[in-house]
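Working notes for the structure below.
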Amino acid sequence: MQVRTGFRRQHVYPIPDVDQPGCEAGVVSTRHWLDWRQANSVTVFGIEFMRRVAAVLAERGITPVDEWVEQSWHTRAGSPTRHQSFMDPYGEANVAALVNKIAYPVDSVTFHQIIMDVVPQVLESFPMELSKTVGKPGQHMIAPYLWTIDLKTPRIPSTFKTRNHLREIVFTSPHYYCGYTVAQGHIPVYRTSAQWPLDAEFDLVPLTYDQNPKKPVRRSDIPQVASEVLSTVSRISERLGFTVGPASAGRWVKDGGNANPYVVSAHVENDLLIDELVRRARPFGHLATVVAGQPGIPQRRNGRHDIVRFAARPGFAAAVSESPDDGRLVLTVEST
-4 MQVRTGFRRQ HVYPIPDVDQ PGCEAGVVST RHWLDWRQAN SVTVFGIEFM
46 RRVAAVLAER GITPVDEWVE QSWHTRAGSP TRHQSFMDPY GEANVAALVN
96 KIAYPVDSVT FHQIIMDVVP QVLESFPMEL SKTVGKPGQH MIAPYLWTID
146 LKTPRIPSTF KTRNHLREIV FTSPHYYCGY TVAQGHIPVY RTSAQWPLDA
196 EFDLVPLTYD QNPKKPVRRS DIPQVASEVL STVSRISERL GFTVGPASAG
246 RWVKDGGNAN PYVVSAHVEN DLLIDELVRR ARPFGHLATV VAGQPGIPQR
296 RNGRHDIVRF AARPGFAAAV SESPDDGRLV LTVEST
């Protein structure tokens, strides 16, 4: 149930009109919170816009540092439903914005070039008109659907240091309402951060969800979903250099406690060194994490020694591990 805000002034933000399955336009406000189909539209629009920006710059001989778009949801407290809580004078986060970034060498591109050359050409692919520059000259400008585009010096996370040899093109959505008091955990996605390749041909997972990602999987559907997850992580494993064998028959397993997970697996082979695995996994950081040989990361899970862990959908865990029986590598997907 959504809580109405009486006669308070409404903040209404349009959702990009994206012609893809599972996407929906419309508006988001304090009365109409962001739903999963609209979140699909926001995700796709951000990626497509940035891919087009990178393509235009590539035509001019300007190439990014990395071959992907870094995408993440950022939350904060938003008025007029800002709700303050004990020991939190700024209020609880109830709005979320999608931030898209591409990093370039420091002197390769200027903000003037972005707003006067790149963005107008990108907008030829979208049924919109460029709005206006806001704030100080060279700071940022309003783009389609009230998004903003900036050129910033990236910061090193959890520090006050900056990467002065780089500049990031940052494309940010408005802050959409996700709930009355809280956004974290209520953003209708299960990936709050991702790295999408600039070339769409290298997408290993769909950009959008085909159903509400916050909806729990019914027990009767777990075997089918587990098979789908195994198929997805098999593709990712092959991109990392693993050879994936045929899948075993799925089974429900008693773990000695109250849990009764469903497990499906496949033997895999890989002769690559850990350093090479880490290198290959970098473009897919939101999908696969190499844990073997990495300090500070627990490697044992459920009696197995993990090599690579995958970001499966909620309710499932997936990893390539050493089998405790024969030491062979096995790709395992299990419900949690």
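Per the numbering used here, residue -4 is the first one in the sequence shown, and the count goes up by one each step. The beta carbon of each residue, even a glycine, is placed where N, CA and C say it ideally should be. These numbers were taken from a predicted model, which means no experiment stands behind them.
Out of the options, point me to the one whose CA is closest to residue i's CA.
i	options	result
Phe40	Thr157, Ser232, Ala92	Ala92
Lys96	Gly174, Ser243, Trp68	Trp68
Val273	Arg299, Arg234, Val239, Ile109	Arg234
Arg277	Val94, Asp301, Val259, Phe305	Phe305
Cys18	Ala244, Thr25, Thr38, Val285	Thr38
Arg26	Val259, Thr148, Tyr8	Tyr8
His262	Ile137, Ser318, Glu87, Val101	Ser318
Pro351	Ala138, Ile109, Pro100	Since the first residue of the chain shown is -4 and the last is 331, residue 351 is not available in this structure.
Ala88	Ser188, Ala287, Cys173	Cys173
Asn255	Glu271, Val286, Ile217	Ile217
Ser36	Ser24, Gln15, Met45, Trp28	Gln15
Phe166	Val303, Ile42, Trp28	Ile42
Ala49	Ala313, Ala195, His281	Ala195
Arg267	Gly236, Ser153, Ser243	Going by the sequence as given, residue 267 is Leu instead of Arg. The option with the nearest alpha carbon to Leu267 is Gly236.
Glu329	Ser243, Glu62, Phe106	Ser243
Asp270	Ala287, Gly280, Phe279, Glu264	Ala287
Asp354	Pro309, Arg299, Tyr99	Outside the shown range of the chain, which is -4 to 331, sits residue 354, and nothing can be said about it.
Glu62	Ser24, Trp28, Phe279	Phe279
Lys210	Val258, Pro309, Arg158	Pro309
Phe213	Tyr257, Lys249, Arg158	Just to set this straight, residue 213 is Arg in the shown sequence, not Phe. Comparing Cα positions, the closest option is Tyr257.
Thr157	Phe106, Glu264, Ala98	Ala98
Leu118	Lys147, Phe44, Pro152	Phe44
Thr331	Trp28, His281, Arg55, Lys249	Lys249
Val94	Arg55, Lys147, Glu54	Lys147
Leu199	His281, Phe106, Pro208	His281
Is residue i buried or exposed, if buried means 16 or more other CB atoms sit within 10 Å of its CB?
i	result
Val113	buried
Arg150	exposed
Gln219	exposed
Arg323	exposed
Gln66	buried
Ser226	exposed
Ser168	buried
Arg335	Missing from the structure shown is residue 335; the chain here goes from -4 to 331 and no further.
Ser215	exposed
Thr70	buried
Gly130	Here the model assigns Gly130 a pLDDT of 49, short of 50, so the residue's position is not dependable, and the following value carries that caveat. Label assigned to Gly130: exposed.
Gly73	buried
Phe155	exposed
Pro183	buried
Phe197	exposed
Asp145	buried
Val285	buried
Lys127	In this prediction, Lys127 scores a pLDDT of 49, lower than 50, which makes its location untrustworthy; the coordinate-derived value is nonetheless stated afterwards. Burial call: exposed.
Asp301	buried
Ser260	buried
Ala313	buried
Val101	exposed
Ala189	buried
Ser316	buried
Val303	buried
Measure the Cβ-Cβ separation of residue i and residue j and say whether it is below 8 Å.
i	j	result
Arg186	Ser120	no
Tyr140	Val90	no
Trp142	Val64	no
Ser229	Leu326	yes
Val22	Ile57	no
Ala164	Ile110	The question names Ala, but residue 164 is Ile in the sequence shown. Not a contact, by the Cβ cut-off of 8 Å.
Leu193	Val60	no
Phe311	Val239	no
Ile231	Ala283	yes
Gln116	Val13	no
Is there at least one Cβ from chain C nearer than 8 Å to residue i's Cβ?
i	result
Thr227	Absence of chain C from the displayed structure is noted, only one protein chain being present.
For this session: Could I get the ranges of all uninterrupted alpha helix (DSSP H) runs contained in the region 152 to 235, with 4 residues as the minimum, in chain order?
Result: The qualifying runs are 217 to 235.
For this session: Tell me, please, whether the region 202 to 217 touches the region 27 to 37 by the rule of three or more beta-carbon pairs shorter than 8 Å.
Result: Short answer: they touch.
Problem set entry | Residue ranges of each beta strand (DSSP E) within the region 14 to 88, 3 or longer | Counting only unbroken stretches of 3 or more residues, the beta strand (DSSP E) elements lying wholly within the region 14 to 88 are 63 to 71, in sequence order.
Problem set entry | Length-filtered (3 minimum) beta strand (DSSP E) runs lying within the region 246 to 286 | Entirely contained in the region 246 to 286, the beta strand (DSSP E) runs reaching 3 residues are, in chain order, 257 to 264, 283 to 285.
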